[in-house]
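Comments concern the structure below.
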Amino acid sequence: MSGIDPIVLFFLLGLVAGLMRSDLRLPAAIYEFLTVVLLLAIGLKGGVELSRQSLGLLAPQMLAVVVMGLVLPLIAFPVLRHAGRFKRADAASIAAHYGSVSVGTYAVVVAYLASQGVTFEAYMPLFVVLLEVPAILVGIVLARGVTRSTQWGPLAHEVFLGKGVVLLAGGLVIGWIAGVDGVESIKPLFFDLFKGVLALFLLEMGLIVASQFADLRRYGLFLVGFAIAFPLFAAGIGAGLGWMLGLSLGGTVVLATLAASASYIAVPAAMRLTVPEANPALSLSASLGVTFPFNILVGIPLYHALARHLYRVGG
Numbered sequence: 002m003s004g005i006d007p008i009v010l011f012f013l014l015g016l017v018a019g020l021m022r023s024d025l026r027l028p029a030a031i032y033e034f035l036t037v038v039l040l041l042a043i044g045l046k047g048g049v050e051l052s053r054q055s056l057g058l059l060a061p062q063m064l065a066v067v068v069m070g071l072v073l074p075l076i077a078f079p080v081l082r083h084a085g086r087f088k089r090a091d092a093a094s095i096a097a098h099y100g101s102v103s104v105g106t107y108a109v110v111v112a113y114l115a116s117q118g119v120t121f122e123a124y125m126p127l128f129v130v131l132l133e134v135p136a137i138l139v140g141i142v143l144a145r146g147v148t149r150s151t152q153w154g155p156l157a158h159e160v161f162l163g164k165g166v167v168l169l170a171g172g173l174v175i176g177w178i179a180g181v182d183g184v185e186s187i188k189p190l191f192f193d194l195f196k197g198v199l200a201l202f203l204l205e206m207g208l209i210v211a212s213q214f215a216d217l218r219r220y221g222l223f224l225v226g227f228a229i230a231f232p233l234f235a236a237g238i239g240a241g242l243g244w245m246l247g248l249s250l251g252g253t254v255v256l257a258t259l260a261a262s263a264s265y266i267a268v269p270a271a272m273r274l275t276v277p278e279a280n281p282a283l284s285l286s287a288s289l290g291v292t293f294p295f296n297i298l299v300g301i302p303l304y305h306a307l308a309r310h311l312y313r314v315g316g
């Protein structure tokens, strides 16, 4: 057990405690605080690195990542609609979740790579922000198409001014403007304590995942299979894209992990507003109950091995 990262063990503690019906819970305000710190920390780290980069040089990579965010839900939708026989709204909602990203999973892959001594492009938080939005728009179009009744104002507000996007983008801008020297005074909270904050966040996530298991039993094996198989497929796309874009080995692992992750913050909020007829239990049971723990416990090391294989074969 000594080789297991402590943050994974915190997740397992929460998962086991939840399954055993323990009364362990983090206060809602504490969980909210941890989420805010994580999102800002991720954004700040990316922003500091962006201050050293030329956005013009990053433009091709940014465009490619956005295209990936558009394509993944388009692939997931027909699988869910025809093979899974889900209603149109439910299939579109689940597809949108799997085209977007999990900030929690991103934080874990960053910690994993640090523990392995693997470096990666520090502007990766920019990709996290870019991947939050496209899948939401695709999901809405898949669910009902674009009509005169589409409420673009409330939708844009929910998508672009949701908590996750505001904190990530805000952290990026602050880090970009302040630069390395400017963030030195806030480094103890946002950088030095990052892994400790992540451990507590994953403790609560384990408790939340445990609460989703009843829904998984209700909705059957297909949803469970999809929640494992599609992330593996998407990770292949992400790893291949990272290799083609010339990212480092670590950057390719991160992009593969982002592609394999599924949203449980931004997309549920947007779908609740724009596709209220979709059953949120389906999406959250899959993304939180299966995909999140699969990625944390098994997926990330697999994506690391996949990236190593790509770089050995492709040079």
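Residue numbering for the sequence shown follows the numbering used here, beginning at 2 and increasing consecutively.
Glycine included, each C-beta is placed from N, C-alpha and C at the ideal position.
**Asked** How long is the line joining the alpha carbons of M2 and P302, rounded to whole angstroms?
**Response** Against the sequence shown, residue 2 aligns to sequence position 1. Against the sequence shown, residue 302 aligns to sequence position 301. Residue placement at M2 cannot be trusted, given a pLDDT of 41 that sits under 50; what the coordinates show is reported in the next sentence. In a straight line, the C-alpha of M2 is about 16 angstroms away from that of P302.
**Request:** Would you check if the region 225 to 233 and the region 79 to 92 touch, i.e. whether three or more CB-CB distances between them fall below 8 angstroms?
**Result:** As far as the Cβ criterion goes, the region 79 to 92 touches the region 225 to 233, which means the pair count is three or higher.
**Request:** Report back the beta-carbon spacing between L114 and F121 to the nearest angstrom; my notes put them in contact at under 8 angstroms.
**Result:** By 1-based counting over the sequence shown, the position of residue 114 is 113. By 1-based counting over the sequence shown, the position of residue 121 is 120. Under the criterion of beta carbons closer than 8 angstroms, L114 and F121 qualify as touching, at roughly 6 angstroms.
**Separation of I175 from G44, as counted between CA atoms** = Position 43 of the sequence shown holds residue 44. Position 174 of the sequence shown holds residue 175. Roughly 8 angstroms separates the two Cα atoms.
**Asked** What is the DSSP secondary structure of M2, reduced to helix, strand or coil?
**Response** Position 1 of the sequence shown, counted from the start, is the residue given in the question as residue 2. Caution is warranted here: a pLDDT of 41 is assigned to M2, below 50, making its placement in the model unreliable, and no coordinate value can be reported.
**Asked** Looking at C-beta atoms only, is the number of pairs between the region 248 to 261 and the region 274 to 287 that lie closer than 8 angstroms three or more?
**Response** Output reads no: the region 274 to 287 does not touch the region 248 to 261.
**Three-state secondary structure (DSSP) of L222** = Position 221 of the sequence shown holds residue 222. Three-state result, L222: helix.
**Prompt:** Is the number of C-beta pairs between the region 304 to 315 and the region 237 to 254 that are closer than 8 angstroms three or more?
**Reply:** Contact between the region 304 to 315 and the region 237 to 254 is present: 3 or more CB-CB pairs across the two stretches fall below 8 angstroms.
**Prompt:** Do G140 and L39 have their C-beta atoms within less than 9 angstroms of each other?
**Reply:** By 1-based counting over the sequence shown, the position of residue 140 is 139. By 1-based counting over the sequence shown, the position of residue 39 is 38. No, the pair does not count as a contact, with Cβ atoms beyond the cut-off.
**Item:** Unbroken alpha helix (DSSP H) run spanning M125, endpoints
**Value:** Here residue 125 corresponds to residue number 124 of the sequence shown, with the count starting at 1. Element bounds for M125: M125 to E133.
**Asked** Among V130, L20 and A123, which residue has its Cα nearest to the Cα of V66?
**Response** The count along the sequence shown starts at 1 and reaches residue 66 at position 65. Per the Cα distances, V130.
**Item:** Which of helix, strand or coil DSSP assigns to Q54
**Value:** Walking along the sequence shown from the start, residue 54 turns up at place 53. The three-state secondary structure of Q54, taken from DSSP, is coil.
**Message:** Using the three-state DSSP reduction, which class does M63 fall into: helix, strand or coil?
**Reply:** Here the question's residue 63 lines up with position 62 in the sequence shown. Helix.
**Message:** Given this structure, state the Cα-to-Cα distance separating Y107 from M125, to the nearest angstrom.
**Reply:** Here the question's residue 107 lines up with position 106 in the sequence shown. Here the question's residue 125 lines up with position 124 in the sequence shown. Counting only the Cα atoms, M125 lies some 9 angstroms from Y107.
**Item:** Delimiting residues of the alpha helix (DSSP H) encompassing R89
**Value:** In the sequence shown, counting from the first residue as 1, residue 89 sits at position 88. If you look at R89, you'll find it in the alpha helix (DSSP H) that goes R89 to G100.
**Prompt:** By how many angstroms is the C-alpha of A123 removed from the C-alpha of L233?
**Reply:** Position 232 of the sequence shown holds residue 233. Position 122 of the sequence shown holds residue 123. Computed Cα separation, rounded: 24 angstroms.
**Prompt:** If K188 sits next to I8, beta carbons under 8 angstroms apart, how far is it from one beta carbon to the other, in whole angstroms?
**Reply:** Residue 188 sits at position 187 when you count from the first residue of the sequence shown. Residue 8 sits at position 7 when you count from the first residue of the sequence shown. Wrong, their Cβ atoms sit about 20 angstroms apart, outside the cutoff.
**Prompt:** Between the C-alpha atoms of G300 and F34, what's the straight-line distance to the nearest angstrom?
**Reply:** Start at 1 with the first residue of the sequence shown, and residue 300 comes out as number 299. Start at 1 with the first residue of the sequence shown, and residue 34 comes out as number 33. Using only the alpha carbons, I get a separation of about 27 angstroms.
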